[in-house]
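Following the UniProt record's numbering, the numbering of the first sequence begins with 1 at its first residue and continues without gaps.
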Amino acid sequence: MPELPEIETSRRGIEPHMVGYQIARVIVRQPKLRWPVSEQINALKNSPVLSIGRRAKYLLIELDSGWIIGHLGMSGSVRVLPEFIEPGKHDHVDFVLSNGKVLRYTDPRRFGSWLWTDDLADSGVLMHLGPEPLGDEFSGEYLFKKSRGKKTKIKPWLMDNRLVVGVGNIYASESLFESRILPTRPAGSLTKREADLLVAEIKRVLARSIEQGGTTLKDFLQADGKPGYFAQELQVYGRVGEPCRVCGTLIESEKLGQRSTFFCRRCQK
DNA sequence: ATTAGACCCTGCCAGC
DNA sequence: TGCTGGCAGGGTCTAA
Numbered sequence: 001m002p003e004l005p006e007i008e009t010s011r012r013g014i015e016p017h018m019v020g021y022q023i024a025r026v027i028v029r030q031p032k033l034r035w036p037v038s039e040q041i042n043a044l045k046n047s048p049v050l051s052i053g054r055r056a057k058y059l060l061i062e063l064d065s066g067w068i069i070g071h072l073g074m075s076g077s078v079r080v081l082p083e084f085i086e087p088g089k090h091d092h093v094d095f096v097l098s099n100g101k102v103l104r105y106t107d108p109r110r111f112g113s114w115l116w117t118d119d120l121a122d123s124g125v126l127m128h129l130g131p132e133p134l135g136d137e138f139s140g141e142y143l144f145k146k147s148r149g150k151k152t153k154i155k156p157w158l159m160d161n162r163l164v165v166g167v168g169n170i171y172a173s174e175s176l177f178e179s180r181i182l183p184t185r186p187a188g189s190l191t192k193r194e195a196d197l198l199v200a201e202i203k204r205v206l207a208r209s210i211e212q213g214g215t216t217l218k219d220f221l222q223a224d225g226k227p228g229y230f231a232q233e234l235q236v237y238g239r240v241g242e243p244c245r246v247c248g249t250l251i252e253s254e255k256l257g258q259r260s261t262f263f264c265r266r267c268q269k
């Protein structure tokens, strides 16, 4: 469900309901997630929420004593609800707020996590992450230099968080289509011009999806329960066997690095 | 050091 | 109708 635009959409959705209020207490119904829910989170009592941030696909909830680092995995979501709504089967964690609402984390596959850190710069999950895709550090020049000598196929290479964060399976296929680059090419075969174009398209596609409230494929909903609308704009993702919107050639699919990859053989070279 | 693969977990859908 | 296999938006770990 969640790629970077979905996380950013969630961040924006929950922010006004949380900043300036307190986390009164935390209810953990299922601690067995990717990693066990951190003890410090379990123990929170009446902690003021200072800010809601994001790094890569991690939500950062700043309290006066440290940060909650949340990840939604493959199937997770967070919603702000009135406290009295009964939790469902996969509603694993509730952050009960001082305003009568609750930040409720739902995650059928339980690949998500809720970790704690006193020091963001020293947090294990954040320490080795590459630049943000929408920041200035992620440039054509940066991508071109990193690609020199790389034999890995471009698409799985783009999804490596040490290179750049936040380019997940949907947006990797989409941005390569927009750049007219075949996902199977070795990363080292990128020209400088292609690297410039690819970076520009990654930024454009991600920004556009954030504007649209993310991509709703199955069940992604914004924090207020509305779907995202970017799915309507997908060019290749999930469209195997359907005609390319540009040239009409049938979209193909291939597994690269265990992940389905979609492309148009005629448009992409 | 780089790269490919298995794995964590549940739900859903197509095909038999 | 009911079963089975394959697949799913992510990330980490191991082993070649």
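No residue lacks a Cβ here, since even glycine has one placed at the ideal position from N, Cα and C.
These numbers come from a predicted model, not from an experiment.
**OP:** Please state whether DSSP places Glu62 in a helix, a strand or coil.
**Re:** strand
Original post:
Based on the DSSP secondary-structure assignment, which residues constitute the bridge partners of Ser77?
Top reply: Thr106
Subject >> Three-state secondary structure assigned by DSSP to Ser209 >> reply: helix
Original post:
Taking DSSP as the reference, what is the three-state secondary structure of Val49?
Top reply: strand
Original post:
If you run the structure through DSSP and keep just helix, strand and coil, what is Val144?
Top reply: For the record, residue 144 in the displayed sequence is Phe; it is not Val. Residue state, collapsed to three classes: helix.
Subject >> Outcome for Pro243 when other beta-carbon atoms lying within 10 angstroms are tallied against a minimum of 16 >> reply: exposed
Original post:
Under a three-way DSSP split, which group does Leu250 fall into?
Top reply: strand
Original post:
Which stretch, first to last residue, makes up the beta strand (DSSP E) that contains Phe95?
Top reply: Asp91 to Leu97
Subject >> Phe177 - DSSP class collapsed to helix/strand/coil >> reply: helix
Original post:
Applying the criterion that 16 or more other CB atoms from any shown protein chain within 10 Å of the CB defines a buried residue, is residue 274 buried or exposed?
Top reply: What is shown of the chain runs 1 to 269, which leaves residue 274 out entirely.
**OP:** Grab the span of the beta strand (DSSP E) containing Ser260 for me, first residue to last.
**Re:** Arg259 to Phe263
Original post:
Distance, Cα to Cα, Trp116 vs Leu72?
Top reply: 15 Å
Original post:
Whose C-alpha, out of Leu143, Phe262 and Glu254, is nearest the C-alpha of Lys203?
Top reply: Leu143
Subject >> Alpha-carbon to alpha-carbon, Arg185 and Glu178 >> reply: 15 Å
Subject >> Alpha-carbon spacing of Ala24 relative to Gly88, whole angstroms >> reply: 21 Å
Subject >> Reference Asp252; option with closest CA among Gln258, Val246 and Tyr237 >> reply: First, the residue type needs correcting, since residue 252 is Glu and not Asp in the sequence shown. Closest option to Glu252, Cα to Cα, is Tyr237.
Original post:
So, are the CB atoms of Phe27 and Val93 less than 8 Å apart?
Top reply: Here residue 27 turns out to be Ile, not Phe, going by the sequence shown. Yes, they are a contact pair.
**OP:** Assuming Pro5 contacts Thr215 (C-beta within less than 8 Å), just tell me the rounded distance between them.
**Re:** 7 Å
**OP:** Use the C-beta contact count for His128: other C-beta atoms within 10 angstroms, 16 or more gives buried, fewer gives exposed.
**Re:** exposed
Subject >> Among Cys267, Val240 and Lys269, nearest to residue 271 - alpha-carbon criterion >> reply: Missing from the structure shown is residue 271; the chain here goes from 1 to 269 and no further.
**OP:** Could you check what DSSP says for Ala24 in three-state terms: helix, strand or coil?
**Re:** strand
Subject >> For Thr152, the nearest candidate out of Asn161, Ile68, Arg162 and Ser189 (CA to CA) >> reply: Ser189
**OP:** Please report how far the alpha carbon of Arg12 lies from the alpha carbon of Pro2, in whole angstroms.
**Re:** 14 Å
Original post:
Between which two residues does the beta strand (DSSP E) carrying Leu115 extend?
Top reply: Ser113 to Thr117
**OP:** Would you give the residue range spanned by the alpha helix (DSSP H) that Arg12 belongs to?
**Re:** Leu4 to Met18
Original post:
For Gly168, does the three-state DSSP call read helix, strand or coil?
Top reply: coil
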